[in-house]
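So the structure is just underneath, and the comments pick up after that.
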Amino acid sequence: MTLTSLTLSSNHHHLLPFSSVRHCRRHHQLRTSDTTLFAPPQHWNNNSSLSFVKQTTTKDTSHNNVRFLCSPPPLLAVPVSLSQRVSRFVVPRGVPVDDLFYNGGATVAVLGGAYALVSAFDVLTHRNILNQGLSRKLVHIMSGLLFLASWPIFSNSTEARYFAAFVPFVNFLRLLANGLSLASDEGLIKSVTREGDPKELLRGPLYYVLMLMLCALVFWRESPIGVVSLAMMCGGDGVADILGRRFGSMKIPYNQKKSWAGSISMLVFGFLVSIGMLYYYSVAGLMQLNWESTVSRVAVVSLVATIVESLPVTKVVDDNISVPLATMAVASFTFSH
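Be aware that the sequence shown starts at 1, since it is given in this note's numbering, and climbs by one per residue.
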């Protein structure tokens, strides 16, 4: 007879580092052909350590090295919601002061990365390595996707989304100050405007950072809706403009300012970027997705977003508003059915 002792922390009894777990069906005792598990006394509270002693009687000497781990009985098992899942890349919420410093450090790191990105494209534009139009679109694509990719580094606290949203908020203030001529940042103006007019900062670029803030605050990491919305706005719409200008000789009949090449590019790249970001969040442990249904839903969302982007309403509603809002509406419907 061999006695094996296993001690688990009560706060993490749902995280078992084993691929095969035999679940206990009774609260006090489970009997199988070769295993008996005794549950701990009921008077133990949630702060106690859970000790399980497994008594194994070997009947087949050819398998005397085989051991099975039995998970805690249902009496002690607490269902874990998606929002409570611990990411592999996220530091769990701890002492409030430590959590504040951790999220503050993450915010500073993301702000530094965003500033470095814009500065790098400013240098490339200034040295005529990239033209202003291409630089603007690359900033449009990469800044949003890098911001989206940075969400997993924040903690699991409910306040983490506000720290993340502070990054586009700083850029919002920066765009507002330069657009109203309260400040003058030539590098910023050259990197994100079409014609070098500071007033352009108050339209598309300003709407862009507002959508980043909205998705972080409303959806955060708890829903694929925000992820898909930003992926379509950044990856889909951004690539559509680049390829549409390069290969867009065939125009769409109902909108001569849009091309078939641009719309097809948005459909394809918006879909691929959305799936890629969802996979990234899935690997990070932040989302559990049924990929068979997820792929079809993202395809529908990409198609609707492409149609909305191709409509001749640019003078009324900017693409940086119409595309993400339409994506949010359709994704909310498709992912809830």
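Where is the CB? At the ideal position from N, CA and C, for every residue including glycine. Model, not experiment: these values are computed from the prediction.
For residue i, three-class secondary structure by DSSP
i, result
"residue 257", "strand"
"residue 129", "coil"
"residue 364", "No statement about residue 364 is possible, as the shown extent of the chain runs from 1 to 337 and does not include it."
"residue 315", "coil"
"residue 203", "coil"
"residue 147", "helix"
"residue 158", "coil"
"residue 322", "helix"
"residue 221", "coil"
"residue 26", "Here the model assigns residue 26 a pLDDT of 40, short of 50, so the residue's position is not dependable, and the following value carries that caveat. Of the three classes helix, strand and coil, the one that applies to residue 26 here is coil, per DSSP."
Buried/exposed call for residue i, threshold 16 Cβ in 10 Å
i, result
"residue 236", "buried"
"residue 250", "exposed"
"residue 181", "exposed"
"residue 253", "exposed"
"residue 226", "buried"
"residue 307", "exposed"
"residue 309", "buried"
"residue 122", "buried"
"residue 147", "buried"
"residue 188", "buried"
"residue 197", "exposed"
"residue 151", "buried"
"residue 98", "exposed"
"residue 263", "buried"
"residue 109", "exposed"
"residue 154", "buried"
"residue 29", "At residue 29 the pLDDT is 40, less than 50, meaning the model places this residue with poor confidence and gives no usable figure here."
"residue 294", "buried"
"residue 278", "buried"
"residue 179", "buried"
"residue 76", "In this prediction, residue 76 has a pLDDT of 39, which is less than 50 and means its spatial position is unreliable; what the coordinates show is noted afterwards. It is buried - the Cβ of residue 76 has at least 16 other Cβ atoms within 10 Å."
"residue 212", "buried"
"residue 296", "exposed"
"residue 103", "buried"
"residue 107", "buried"
"residue 173", "exposed"
Opposing strand residues paired with residue i [DSSP bridges]
i, result
"residue 251", "259"
7 Å CB neighbourhood of residue i in its chain, flanking five on each side removed
i, result
"residue 325", "none"
"residue 177", "183"
"residue 161", "216, 217 and 220"
"residue 298", "228, 271, 274 and 275"
"residue 200", "193 and 194"
"residue 318", "203, 204 and 207"
Beta-carbon contacts of residue i that lie in its chain and below 6 Å, excluding the five residues immediately before and after
i, result
"residue 137", "238, 241 and 242"
"residue 261", "243, 244, 247 and 248"
"residue 135", "121, 125 and 191"
"residue 322", "308"
"residue 130", "124"
"residue 258", "252 and 310"
"residue 165", "213, 216 and 217"
"residue 101", "none"
Own chain residues within Cβ distance below 8 Å of residue i, not counting five before or after
i, result
"residue 139", "117, 118, 121, 191 and 192"
"residue 301", "228, 232, 274, 327, 330, 331 and 334"
"residue 114", "143, 146, 147, 167 and 171"
"residue 340", "Outside the shown range of the chain, which is 1 to 337, sits residue 340, and nothing can be said about it."
Contact with chain D by residue i, beta-carbon distance below 8 Å
i, result
"residue 180", "The displayed structure is made up of one protein chain only, and chain D is not part of it."
Curious, which full-length alpha helix (DSSP H) runs of at least 4 residues does the stretch 276-312 contain?
-> 291-310
Which full runs of the alpha helix (DSSP H) of 4+ residues lie inside the stretch 160-197, going along the chain?
-> 160-179 and 186-192
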